[in-house]
Amino acid sequence: MKRIHVCEDFSFSHVIHGQMRSLEWGINVTEYQALLEQLLAREITTLDNADIYGGFEAEAFLGAVFKQAPNLRDQFEIVTKCGIQFPNKYYPKTYINHYNYDYDYIIQQVDRSLINLNIEMIDVLLLHRPSPIMDAQVIAKACQDLQRAGKVRHFGVSNFEQEQFLLIEQALNQPLVTNQIELSVLNHEHIDNNNLDFLQRNNVAPMIWSPVAGGRIFNPKTEQEQRTAHCVQSIAHQYGVSMDVLLYAWLYKFPHLLMPIVGSGSLPRIEAAIQAQNIDLTTQQWFEIYQAKLGHSIK
Numbered sequence: 006m007k008r009i010h011v012c013e014d015f016s017f018s019h020v021i022h023g024q025m026r027s028l029e030w031g032i033n034v035t036e037y038q039a040l041l042e043q044l045l046a047r048e049i050t051t052l053d054n055a056d057i058y059g060g061f062e063a064e065a066f067l068g069a070v071f072k073q074a075p076n077l078r079d080q081f082e083i084v085t086k087c088g089i090q091f092p093n094k095y096y097p098k099t100y101i102n103h104y105n106y107d108y109d110y111i112i113q114q115v116d117r118s119l120i121n122l123n124i125e126m127i128d129v130l131l132l133h134r135p136s137p138i139m140d141a142q143v144i145a146k147a148c149q150d151l152q153r154a155g156k157v158r159h160f161g162v163s164n165f166e167q168e169q170f171l172l173i174e175q176a177l178n179q180p181l182v183t184n185q186i187e188l189s190v191l192n193h194e195h196i197d198n199n200n201l202d203f204l205q206r207n208n209v210a211p212m213i214w215s216p217v218a219g220g221r222i223f224n225p226k227t228e229q230e231q232r233t234a235h236c237v238q239s240i241a242h243q244y245g246v247s248m249d250v251l252l253y254a255w256l257y258k259f260p261h262l263l264m265p266i267v268g269s270g271s272l273p274r275i276e277a278a279i280q281a282q283n284i285d286l287t288t289q290q291w292f293e294i295y296q297a298k299l300g301h302s303i304k
């Protein structure tokens, strides 16, 4: 498995495992431990989580594994996030969906994540989504204090565009190590807004969420989805692989060292992202899929 250096002294596995739906996998703590051991056997060492995942309970599920098998913790890079809030039983005063980057809230959420994950340090903390009212200086102070306290090693963002990324990075006065963004054959947002070009120019390796378009490509409903799925299936047939392998291969064609997040408890699904590393789509095949989503030829 290729290692991706997100900064000079720290790296992620090329394929990242996501825990957003861990409570939906129908496994217990011992089975979760076995899954993590299978990830290690495949050299997947980076785990992606967030305070809100699983209704604010997914971190604790992973933490139960680390409590049961403490030797596993140091074999993984732990990524988690904060910033999103919605009404839930753990925060009874929250009555509306919102983003919160107040100093005290960031500190509180990191402390909660450390307890839930049963770890002493978060390897990378991401700001989950940009807020129109976020104060970069307040965020920077919270991050710097967390770093000085030995609670967080590095920082990044998620779903940020170029100016938002620079706003936080310049206030923090240290490089943000990644931006977790959505990208797939059905979602070109960060191609169209030039965010991928920006990240490449600044040598930032992005984490990719929903790399298989949330599964919509496997059960296409709209004309655009059907057109794209037919194209992906046709090219997958040429290589003798499944559609999901081709979806990851399409992402690997980018020069940005993209790191897809595989949010599944199924080993075959996880192995598809690994298998795709051996497929080098031609430029024309990549554009076939790209233009299938667009519905027209490029000029």
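Following the numbering used here, the numbering of the sequence shown begins with 6 at its first residue and continues without gaps.
The beta carbon of each residue, even a glycine, is placed where N, CA and C say it ideally should be.
| Item | Value |
| --- | --- |
| Nearest to residue 64 by alpha carbon, out of 255, 298, 34, 174? | 34 |
| Please go through the stretch 112-168 and give each complete alpha helix (DSSP H) segment of 4 or more residues, from N-terminal end onward. | 141-153 |
| Are the CB atoms of residue 132 and residue 68 within a distance shorter than 8 Å? | no |
| What does a CB cutoff of less than 7 Å around residue 174 pick up in its chain, not counting 5 residues either side in sequence? | 180, 181 |
| Leaving aside the five residues before and after residue 112 along the sequence, list all residues of the same chain whose C-beta is less than 8 Å from its C-beta, in chain order. | 147, 150, 151 |
| Grouping DSSP H, G and I as helix and E and B as strand, with all else coil, what is residue 301? | coil |
| If we count the other Cβ atoms within 10 Å of its Cβ and call it buried at 16 or more, is residue 86 buried or exposed? | buried |
| If we ignore side chains and look at the alpha-carbon of each, how far apart do residue 43 and residue 304 end up? | 46 Å |
| Could you please give the first and the last residue of the uninterrupted alpha helix (DSSP H) stretch that includes residue 72? | 63-73 |
| Does residue 6 pass the burial test, meaning 16 or more other C-beta atoms within 10 Å, or should it be called exposed? | exposed |
| List the endpoints of the continuous alpha helix (DSSP H) containing residue 354. | The first residue shown for the chain is 6 and the last is 304, placing residue 354 beyond what the model contains. |
| On the three-state DSSP scale, how would you describe residue 17? | strand |
| State yes or no: is the C-beta of residue 18 within less than 8 Å of the C-beta of residue 59? | no |
| Tell me the DSSP secondary structure of residue 3 in three-state form. | Residue 3 lies beyond the range of the chain shown here (6 to 304); nothing can be said about it. |
| Helix, strand or coil for residue 79 per DSSP? | helix |
| What residue range does the alpha helix (DSSP H) around residue 255 cover? | 248-257 |
| Along the chain, where does the beta strand (DSSP E) containing residue 41 start, and where does it finish? | Careful: residue 41 lies outside any beta strand (DSSP E), inside the alpha helix (DSSP H) at 34-46. |
| What does residue 187 pair with, by DSSP beta-bridge criteria? | 214 |
| Could you tell me the distance, in whole angstroms, from the CA atom of residue 77 to the CA atom of residue 22? | 15 Å |
| Which residues in the same chain as residue 66 place their Cβ atom closer than 8 Å to its Cβ, once the five residues preceding and following it in sequence are excluded? | 24, 27, 28, 34, 37, 59 |
| Give the secondary structure of residue 237 by DSSP, where H, G and I count as helix, E and B as strand, and everything else as coil. | helix |
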